[in-house]
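Numbering (the UniProt record's numbering), first residue to last: 1 to 297.
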């Protein structure tokens with residue numbers, strides 16, 4: 001009995017091995033009609049260049065949390081990408097390259113499950129891009145390139161404030177040099193520091209826009225959220241406001257740097273005056289949207 005039982009186990013193991021290692025002969029020998037994608041499997045059907053996606057990108061298939069989706073389900077809203085477990089230990093740059101290739105094949109060959117279009121090939125180039133509003137609040141606004149680049153870093157909390165210098169082990173003064181009371185982080189420097197808020201209060205009075213006064217700001221949890229909310233303030237010409245937010249934050253950063261590196265200080269009202277003068281120069285350069293905002297003063 002023991003011998004029969006062990007023989008059965010051995011046969012079962014051999015059969016399992018054969019199943020795992022056999023070529024996908026059925027898949028190779030069959031042709032899939034895509035149709036609307038409701039009847040075929042995204043991962044297990046042959047529909048990309050005579051291959052199954054699981055064979056084309058095996059590492060990507062491994063980290064997919066939903067391996068049984070239909071083609072229609074997987075392609076709708078890029079669901080197959082959302083199914084990927086990016087925290088999986090095997091995720092790497094090589095794996096990312098694998099994940100891009102099948103999607104390029106999908107988009108360049110199929111649109112609406114079977115029709116090629118230039119649009120599908122174009123949109124394929126943006127697969128994997130992170131959706132943000134940085135274009136709306138920074139890149140589409142008028143400002144000198146250096147101010148835009150600074151703002152792009154600042155809104156992502158990537159400028160060299162004290163907290164980031166400390167994380168690198170570099171020499172720094174931990175306290176905000178504007179108020180000398182609170183540890184310096186990006187969120188504090190641009191939205192919470194009493195000196196910065198005093199500047200915004202002066203700007204609000206100058207433009208006769210109470211909604212820009214710090215006491216009327218909505219509570220936010222990050223510099224990105226604060227910047228986004230302020231740039232979309234209701235009742236204020238938004239295109240001009242986006243340029244103004246960039247300008248004010250840029251000037252705050254320059255004042256901060258002047259105190260650290262040049263040991264020169266400027267009161268809030270002096271900074272506000274510099275902002276007014278700079279905004280006038282920007283309008284002279286042809287910033288029509290900013291002109292509509294400050295031209296009412």
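Backbone N, C-alpha and C fix where the C-beta goes; we use that ideal spot for every residue, glycine too.
Exercise. When you compare only the Cα positions, how much space is there between residue 295 and residue 206?
Worked result: Taking the chain shown and counting its residues from 1, one reaches residue 295 at position 295. Taking the chain shown and counting its residues from 1, one reaches residue 206 at position 206. C-alpha separation (whole angstroms): 11 Å.
Exercise. Is the beta carbon of residue 65 sitting closer than 7 Å to the one on residue 43?
Worked result: Residue 65 sits at position 65 when you count from the first residue of the chain shown. Residue 43 sits at position 43 when you count from the first residue of the chain shown. For residue 65 and residue 43, no; Cβs fall outside 7 Å.
Problem set entry | For residue 154, three-class secondary structure by DSSP | Along the chain shown, one-based indexing puts residue 154 at 154. Taken through DSSP and simplified to helix, strand or coil, residue 154 comes out as helix.
For this session: Could you check the C-alpha separation between residue 275 and residue 241 for me, to the nearest Å?
Result: To locate residue 275, count along the chain shown from 1; it is residue 275. To locate residue 241, count along the chain shown from 1; it is residue 241. Their Cα atoms are separated by approximately 13 Å.
For this session: Provide the residue(s) that pair with residue 51 in DSSP beta bridges, ordered along the chain.
Result: Residue 51 sits at position 51 when you count from the first residue of the chain shown. Residue 51 pairs with 48.
Exercise. What do you reckon, are the CB atoms on residue 194 and residue 176 nearer than 7 Å?
Worked result: In the chain shown, residue 194 corresponds to position 194, counting from 1. In the chain shown, residue 176 corresponds to position 176, counting from 1. Cβ atoms of residue 194 and residue 176: not closer than 7 Å.
Problem set entry | Segment contact, 8 Å Cβ cut-off, at least three pairs: the region 155 to 166 with the region 229 to 240 | No contact exists between the region 155 to 166 and the region 229 to 240.
For this session: Just the C-alpha distance for residue 284 and residue 249, rounded to the nearest angstrom, thanks.
Result: In the chain shown, counting from the first residue as 1, residue 284 sits at position 284. In the chain shown, counting from the first residue as 1, residue 249 sits at position 249. As the crow flies, the alpha-carbon of residue 284 is around 20 Å from that of residue 249.
Exercise. What are the start and end residues of the alpha helix (DSSP H) that includes residue 135?
Worked result: Residue mapping note: residue 135 aligns to position 135 of the chain shown, counting from 1. Per DSSP, residue 135 belongs to no alpha helix (DSSP H) and is neither H nor E.
Exercise. Taking the alpha carbon of residue 203 as the point to measure from, which residue in 173, 81, 286, 269 has its own alpha carbon closest?
Worked result: On the chain shown, residue 203 is found 203 positions in, with the first residue counted as 1. If you compare the alpha carbons of 173, 81, 286, 269 with that of residue 203, the shortest gap goes to 269.
Problem set entry | Whole-angstrom distance between residue 286 and residue 61, CA atom to CA atom | Residue numbering aside, residue 61 sits at position 61 when the chain shown is read from its first letter. Residue numbering aside, residue 286 sits at position 286 when the chain shown is read from its first letter. So the alpha carbons of these two residues sit roughly 53 Å apart.
Exercise. So, helix, strand or coil for residue 264, using DSSP?
Worked result: Stepping through the chain shown from its first residue, residue 264 is reached at position 264. Coil at residue 264, not helix or strand.
Exercise. So, is residue 28 buried or exposed, given that buried needs 16 or more other C-beta atoms within 10 angstroms?
Worked result: The sequence position of residue 28 within the chain shown is 28, counting from 1. Bear in mind that the predicted position of residue 28 carries a pLDDT of just 45, short of 50, making it too unreliable to give a figure here.
Exercise. Quick one, which of 38, 63, 139, 58 has its alpha-carbon nearest residue 239's?
Worked result: Position 239 of the chain shown, counted from the start, is the residue given in the question as residue 239. For the residues 38, 63, 139, 58, the minimum Cα distance to residue 239 belongs to 139.
Exercise. For residue 152, which residues from the same chain have a beta carbon less than 8 Å from its beta carbon, with the 5 sequence-adjacent residues on both sides left out?
Worked result: Against the chain shown, residue 152 aligns to sequence position 152. Cβ within range, chain order: 134, 138, 139.
Exercise. Does the distance from the C-beta atom of residue 237 to that of residue 293 stay below 7 Å?
Worked result: Along the chain shown, one-based indexing puts residue 237 at 237. Along the chain shown, one-based indexing puts residue 293 at 293. Result yes, Cβ atoms of residue 237 and residue 293 sit closer than 7 Å.
Exercise. Which value, in whole angstroms, describes the spacing of the CA atoms of residue 256 and residue 196?
Worked result: Along the chain shown, one-based indexing puts residue 256 at 256. Along the chain shown, one-based indexing puts residue 196 at 196. Computed Cα separation, rounded: 10 Å.
Exercise. Thinking C-beta only, is residue 75 closer than 7 Å to residue 40?
Worked result: The residue you call residue 40 lines up with position 40 of the chain shown. The residue you call residue 75 lines up with position 75 of the chain shown. It is not a contact, given that the beta carbons lie outside the stated cut-off.
Exercise. For residue 201, which residues does DSSP report across the bridge?
Worked result: Here the question's residue 201 lines up with position 201 in the chain shown. Here residue 201 is not bridged, per DSSP, to any residue.
For this session: Measure the C-alpha to C-alpha separation of residue 191 and residue 156 and round it to an integer number of angstroms.
Result: On the chain shown, residue 191 is found 191 positions in, with the first residue counted as 1. On the chain shown, residue 156 is found 156 positions in, with the first residue counted as 1. Taking the straight line from one Cα to the other gives about 14 Å.
For this session: Give the straight-line distance between the Cα atoms of residue 254 and residue 167, rounded to the nearest whole angstrom.
Result: Looking up residue 254 in the chain shown gives position 254. Looking up residue 167 in the chain shown gives position 167. Spanning the alpha carbons of residue 254 and residue 167 requires a straight line of approximately 22 Å.
Exercise. Expressed to the nearest angstrom, what Euclidean distance is found between the alpha-carbon atoms of residue 186 and residue 223?
Worked result: Taking the chain shown and counting its residues from 1, one reaches residue 186 at position 186. Taking the chain shown and counting its residues from 1, one reaches residue 223 at position 223. Approximately 7 Å between the Cα atoms of the pair.
Problem set entry | Whole-angstrom distance between residue 77 and residue 244, CA atom to CA atom | Locating residue 244 in the chain shown gives position 244, counting from the first residue. Locating residue 77 in the chain shown gives position 77, counting from the first residue. Between residue 244 and residue 77, the alpha-carbon positions lie close to 36 Å from each other.
Exercise. Is the CB-CB distance between residue 272 and residue 199 below 7 Å?
Worked result: For the purposes of this step, residue 272 is taken as residue 272 along the chain shown, with counting starting at 1. For the purposes of this step, residue 199 is taken as residue 199 along the chain shown, with counting starting at 1. Yes, the pair counts as a contact, with Cβ atoms nearer than the cut-off.
Problem set entry | Contact check, residue 85 vs residue 63, beta carbons under 7 Å | Locating residue 85 in the chain shown gives position 85, where the first residue counts as 1. Locating residue 63 in the chain shown gives position 63, where the first residue counts as 1. Less than 7 Å separates the beta-carbon of residue 85 from that of residue 63.
Problem set entry | residue 89 to residue 130 span [Cα, whole Å] | Your numbering for residue 89 matches position 89 in the chain shown. Your numbering for residue 130 matches position 130 in the chain shown. Answer to the nearest angstrom: the Cα atoms are 21 Å apart.
Exercise. Just checking my contact of residue 189 with residue 252 at CB under 8 Å: how many whole Å lie between their CB atoms?
Worked result: Along the chain shown, one-based indexing puts residue 189 at 189. Along the chain shown, one-based indexing puts residue 252 at 252. About 7 Å separates the two Cβ atoms, so the contact holds.
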